[in-house]
Amino acid sequence: MRIFILIASLVLLFSCTDKKQYLLYQGEVHGTFFHITYQSSEDLSLEIDSVFKVFNASLNNYDPNSLISKINNNEEVETDSLFRAMFYKAKEVYEKSDGAFDISVAPIVNEWGFGWVKKDKNSIPDSSSIENLLPFVGMDKWKIVDNKVVKEFPEAKLISNAIAKGQSVDFVANFLISQGVENFLVEIGGEIVCKGKNPKGEIWKIGIDKPIEDEVYENRENQIIINVSDRAIATSGNYRQFIESGSKKYAHTINPKTGYPEENELLSVTVIASDCMTADAYATAFMASGLEKSKQILEKNNSIDAYFIYHDSLNNVYDYYTKNFEQYIVK
C-alpha cells in the first residue's frame with residue numbers, strides 16, 4: 212500500500228429492466244489498481260472514495276500520518292476498529308501458521324527494500340544488519356491493552372501489506388452490502404470479493420495467472436479459471452516482485468524466522484475464504500511455508516481452500532489444490 216492516489220473512472224456496463232445498472236468503477240488506490248463492478252441504481256463512486264480514505268487513514272504504512280505509522284513511531288494513540296481487526300487476525304494467522312505469517316517482520320522488510328523505507332532497489336543487506344533486527348520480530352512481542360498498542364521493543368514495527376489489501380476489499384464489499392447492493396465484484400491489486408451474479412447473470416469467473424516473470428503485468432495468461440460467488444480470493448506469488456544482485460534474484464516474501472527471502476518450490480498460492488483479509492494472510496503464510504508445511508496448516512483449517520503452483524528442481528511446473536477447491540475450477 213502506497214500513498215493514497217486515486218485516478219478513477221466510472222463506466223456503465225449493462226442496463227437491466229429494473230433500472231439497476233451494472234457499473235464499473237476503476238482507478239488507482241494505495242499504489243495499485245482497483246476494479247469494482249456493482250449493480251445499483253445509484254453511482255456510489257464518491258462514497259467508495261470516502262471508504263478508501265477512511266481505510267488509508269488507519270492502515271497505510273506509506274502515509275506518515277496514518278494510525279499504523281504513528282504506532283510504528285511510538286506515538287501514544289488509541290487504535291480504531293480497522294487496526295484492531297487487522298491486528299487480531301494477524302495474531303491468529305501468526306499462531307496457526309507457526310509464525311510463517313508475521314506482520315512484525317517490518318524492520319527486515321524495510322531493510323530489504325520491500326517496505327515503505329526507500330532503499331537502493333538492488334541493494335542487499337549484510338548478515339549483521341539482519342541479525343540485529345531479528346530480535347524485534349515476533350507478534351508475541353505485541354499486544355493491545357485498553358485499545359492501545361503495547362510492544363516489547365520501541366524498534367519494533369508492523370507492516371500491513373500482506374493483510375490490509377485483503378481487508379480493504381472486505382471494507383469496500385461491506386459498504387456495498389450496507390447500500391443494498393446484491394451483485395458485485397471488488398478487486399484491489401488482485402485480491403477479490405464477489406457476491407451474487409455478474410452482468411450476464413452468471414456466477415463470477417476469475418482467472419488465476421500463470422507464474423510469468425513480468426513486473427509490469429504486460430504478459431498475463433490464465434493458469435486456470437474458477438467460478439466463485441459469495442467468497443473471497445487472494446493470490447500471493449514470488450515471480451513478479453523481486454530484487455536482483457548479480458545473477459541471483461531475491462523474492463519479496465521474507466521468512467520471519469531467518470530474515471531472508473524465502474526460497475522454496477512455490478511460485479504462487481491462491482486462497483479462497485469467507486473474507487479477503489483471511490485469504491490474504493494465509494496466501495502469504497503459505498508462500499513463506501512451502502508446500503508440505505502449507506498442507507499441514509490446511510489440515511487444521513478446513514474453512515479455507517487453496518490452489519498451489521510450484522516447480523521442481525528441473526523447473527517443471529505443477530499444481531496442487533485442496534479437495535474442496537476442485538468445485539470452483541472451470542473444466
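Here the sequence shown stands for residues 212 to 542, where the numbers follow the numbering used here. Note that CB positions come from ideal geometry on N, CA and C, so glycine has one too. Treat the numbers as computed from the prediction; the structure is a model and nothing was measured.
Query                                                                                                                                                                                  : Result
Can you check which of these residues, Asn372, Pro410, Glu474, Asn385, is closest to Thr243 by C-alpha distance?                                                                       : Asn372
Near Val288, which residues of its chain fall below 6 angstroms by C-beta distance, leaving aside the five closest residues on each side in sequence?                                  : Lys281
For Val328, collect the residues of the same chain with a Cβ closer than 7 angstroms to its Cβ; drop the 5 residues on either side in sequence, then sort them by chain order.         : Asn321
What residues in its chain sit with their C-beta under 6 angstroms from that of Val316, if we drop five residues either side in the sequence?                                          : Val348, Ile465, Pro467
Which of the three DSSP states, helix, strand or coil, is assigned to Ile414?                                                                                                          : coil
Are the CB atoms of Val383 and Glu402 within a distance shorter than 7 angstroms?                                                                                                      : no
When DSSP labels each residue in this structure, what does Val427 get in the three-state scheme?                                                                                       : Any answer about Val427 is weak, because its pLDDT of 48 lies below 50 and its placement is not dependable; what the coordinates show is given next. Reduced to three states, the DSSP call for Val427 is coil.
Tell me which same chain residues have a C-beta within less than 6 angstroms of the C-beta of Ile435, skipping the five on either side of it?                                          : Ile419, Ile540
State buried or exposed for Glu398, treating a residue as buried only when at least 16 other CB atoms are found within 10 Å of its CB.                                                 : buried
Give me, in chain order, the residues of the same chain whose beta-carbon lies closer than 8 angstroms to that of Asn276; leave out the 5 immediate sequence neighbours on both sides. : Ala268
Which class does Ile540 belong to by DSSP, given the choice of helix, strand or coil?                                                                                                  : strand
Going by C-alpha distance, which of Glu503, His522, Lys534, Asn526 is nearest Ile515?                                                                                                  : Lys534
Just the Cα atoms here: how many angstroms apart are Pro422 and Tyr529?                                                                                                                : 11 angstroms
Tell me whether Asn527 is buried or exposed, calling it buried when 16 or more other Cβ atoms sit within 10 Å of its Cβ.                                                               : exposed
Tell whether a beta-carbon distance below 7 angstroms holds between Val482 and Phe519.                                                                                                 : no
Tell me, please, which residues DSSP counts as bridged to Glu239.                                                                                                                      : Phe244
Roughly how many whole angstroms lie between the Cα atoms of Thr446 and Glu366?                                                                                                        : 30 angstroms
Are the CB atoms of Asn475 and Gly448 nearer to each other than 7 angstroms?                                                                                                           : no
Assuming Ala443 and Ser485 are in contact, meaning their beta carbons sit under 8 angstroms apart, how far apart are those beta carbons, in whole angstroms?                           : 7 angstroms
With distance defined between alpha-carbon atoms, name the residue in Lys359, Ala311, Ser339 nearest to Leu278.                                                                        : Lys359
For Phe312, report the span of its alpha helix (DSSP H) as first-last.                                                                                                                 : Neither: Phe312 is in no alpha helix (DSSP H) and is coded neither H nor E.
So, is Glu473 buried or exposed, given that buried needs 16 or more other C-beta atoms within 10 angstroms?                                                                            : buried
Quick one: what's Pro275 bridged to in DSSP?                                                                                                                                           : Pro275 pairs with nothing; no bridge assigned.
Could you tell me the boundaries of the alpha helix (DSSP H) in which Tyr299 lies?                                                                                                     : 292-307
So what does DSSP say about Tyr164, is it helix, strand or coil?                                                                                                                       : An answer regarding residue 164 cannot be provided, because it is not within the stretch 212 to 542 covered by the chain.
When the Cα atoms are used, what is the spatial distance from Met488 to Lys302?                                                                                                        : 12 angstroms
Taking the alpha carbon of Glu306 as the point to measure from, which residue in Ala496, Phe395, Phe536 has its own alpha carbon closest?                                              : Ala496
By Cβ distance, which residues of its chain are closer than 6 angstroms to Gln250, with the 5 residues on each side in sequence left out?                                              : Lys231, Tyr233, Asn394
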